[in-house]
Every structure is written in C-alpha cells, then in structure tokens.
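K.L.:
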C-alpha cells in the first residue's frame, strides 16, 4: 500500500527536500504552499498523513490543524523553526501527533512519519494482527480495527494517543515511566521530551473527561503514570 502524504510549507526548498525523502521511502506526495491551499488539497486528496509547517504567514499551521480537527483525525506531523518548546506542545495539544524542528534530518522525518503510519496499520510489514479487544471498566481498545470507545461511544484519538492508551490497557495494573510510554508510542529509536509525553497524556485525559471519564490515567508522583478505573463520573 502506498501512503499518501500532504506536505505544507511556504518554503519551496523544504518542500522539495521532504518530497524527495518521502518518495524514496515509497510514498506518494502532494504539496501546498500555504494554509488555505492546504485545506483545499486535504479536502480533494484525503491524504493518510500531513507534514505541516507551523510558521506560515496569515493562516498558519496551527490554524490549519484546528480547522482539520473539526472533521478529521488524519495524523499531523508539525514542522517548526522555533526553538521554544511551548509552540511544539501547543501543536500537540490542538491535535498534532508529533513534531520535527528545523533544520531537520530527512531520515528522521521519514522515520517519524513511519512510526505514526505503523500505529494506523498494525498489520503492516508482516506484523501479526492483534485480534483481542483490550478493555478496563468502560474503556475498550480494538488494536486491529484501530477503534477506541468509552461506554460504547467512539473516542477521537491521534495515532500516538491510541498507542499510549493501548500500552496502558495491555498492562492495566502496571506503572509506566515516561521512557516506557515513549517506547510504546514511538517504537523506533526516536527521542522526544518529557513535556511531549505529558502533552499526550493531557490530551487523552481531556478527551476521556469530555466523554464523562475523569479517572482514565492516574499520576504516580516521582514514577510516572498508570491506568485508572476508567468508569463514568458519578
């Protein structure tokens, strides 16, 4: 299966570097030069993943992400020229799956794209399909169908959020430190900051709280996190 990737950046050179790297990895690519063109291309092509620059003039990457998240959970990998991690965390909090900081290694970018896509395609590359639905309380995750529900209602999770929740449900009584969560979510030898992991945990908590569950992930101070009771609020 050839994955379809939309590259959004106002810098022609950066789009070219990413295009060449992704095509070498066997992916098909479409491009957009700004936020408005990105939304048009997304609506027309329905890509499997978007590589999205944050710092575009006028309609920037965060605006594009907010607009897309109104109707779609397509994975989004942010590009940022800013060295301030707050921008990266903000991107994750509004629905991004991951980020790469400019200047970046094309090889690392392709690796991160592959990590996200593998989360969506658990049977890719000959992997054994996971047939058992994982459940605790009213929370359930079906890894094969890539579906998560709470009290029977579907949850809109990013690929990384889904991977984290699946890891917790695989070992429902275990306490996970951030390194273990990172390994479960990203799989490849990719380093992300503690704040990125914390941002994903906040997102999962917020989405479950909106579904009437405020006890999905508990903090174990000085250690990490563990799965909660996963029951509706009284």
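Numbering (our numbering), first residue to last: 804 to 1037. Virtual Cβ for every residue (Gly too), placed ideally from N, Cα, C.
Could you tell me the alpha carbon to alpha carbon distance between residue 935 and residue 947, rounded to whole angstroms?
P.N.:
About 8 Å.
K.L.:
Which residues does DSSP list as the beta-bridge partners of residue 1021?
P.N.:
Answer is 1029.
K.L.:
Nearest by alpha-carbon distance to residue 1035: which of 910, 1022, 955 is it?
P.N.:
Ranking 910, 1022, 955 by Cα distance to residue 1035 puts 955 first.
K.L.:
If we count the other Cβ atoms within 10 Å of its Cβ and call it buried at 16 or more, is residue 964 buried or exposed?
P.N.:
By the 10 Å Cβ count, residue 964 comes out buried.
K.L.:
Would you say residue 858 touches the ligand HEM, meaning its beta carbon is less than 7 Å from a heavy atom?
P.N.:
The ligand HEM is absent from the structure shown, which contains no ligand whatsoever.
K.L.:
Any idea which residues DSSP pairs residue 875 with across the strands?
P.N.:
Looking at the DSSP assignment, residue 875 forms no beta bridge with any residue, so it has no partner.
K.L.:
Run the CB neighbour count on residue 818, radius 10 Å, all protein chains shown included, and call it buried at 16 or more, exposed below.
P.N.:
Buried, because 16 or more other Cβ atoms sit within 10 Å of the Cβ of residue 818.
K.L.:
For residue 1038, collect the residues of the same chain with a Cβ closer than 7 Å to its Cβ; drop the 5 residues on either side in sequence, then sort them by chain order.
P.N.:
It is not possible to answer for residue 1038, since the shown part of the chain is limited to 804 through 1037.
K.L.:
Considering only DSSP beta bridges, list what residue 957 is partnered with.
P.N.:
DSSP lists 952 as partners of residue 957.
K.L.:
Give me, in chain order, the residues of the same chain whose beta-carbon lies closer than 6 Å to that of residue 895; leave out the 5 immediate sequence neighbours on both sides.
P.N.:
Closer than 6 Å at Cβ, skipping near neighbours: 1002.
K.L.:
Looking at residue 900 and residue 856, is the spacing between their C-beta atoms short of 8 Å?
P.N.:
No, the pair does not count as a contact, with Cβ atoms beyond the cut-off.
K.L.:
Report the rounded CA-to-CA distance for residue 844 versus residue 835, giving the unit in angstroms.
P.N.:
When rounded, the distance between both Cα atoms is 7 Å.
K.L.:
Please report the distance separating the alpha-carbon of residue 1028 from that of residue 1012.
P.N.:
Between residue 1028 and residue 1012, the C-alpha separation is close to 17 Å.
K.L.:
Starting from the Cα of residue 962, find the closest Cα among 862, 861, 920 and give me that residue.
P.N.:
Nearest of 862, 861, 920 to residue 962, Cα basis: 920.
K.L.:
Apart from the five residues on each side of it in sequence, which residues of its chain come closer than 8 Å, Cβ to Cβ, to residue 1023?
P.N.:
For residue 1023, where only same-chain residues beyond five positions count, the Cβ hits under 8 Å are 978, 1029.
K.L.:
Using a Cβ-Cβ cutoff of less than 7 Å, which residues in the same chain neighbour residue 985 once the five nearest sequence positions on both sides are dropped?
P.N.:
Around residue 985: 995, 1000.
K.L.:
Tell me, please, which residues DSSP counts as bridged to residue 883.
P.N.:
DSSP output for residue 883 lists 904 as bridge partner(s).
K.L.:
Select from 864, 826, 945 the residue whose C-alpha is nearest the C-alpha of residue 840.
P.N.:
The residue with the shortest Cα to Cα distance from residue 840 is 864.
K.L.:
Smallest Cα separation from residue 923: which of 906, 827, 898, 950?
P.N.:
The option with the nearest alpha carbon to residue 923 is 950.
K.L.:
Please classify residue 916: does DSSP put it in a helix, a strand, or coil?
P.N.:
Reduced to three states, the DSSP call for residue 916 is helix.
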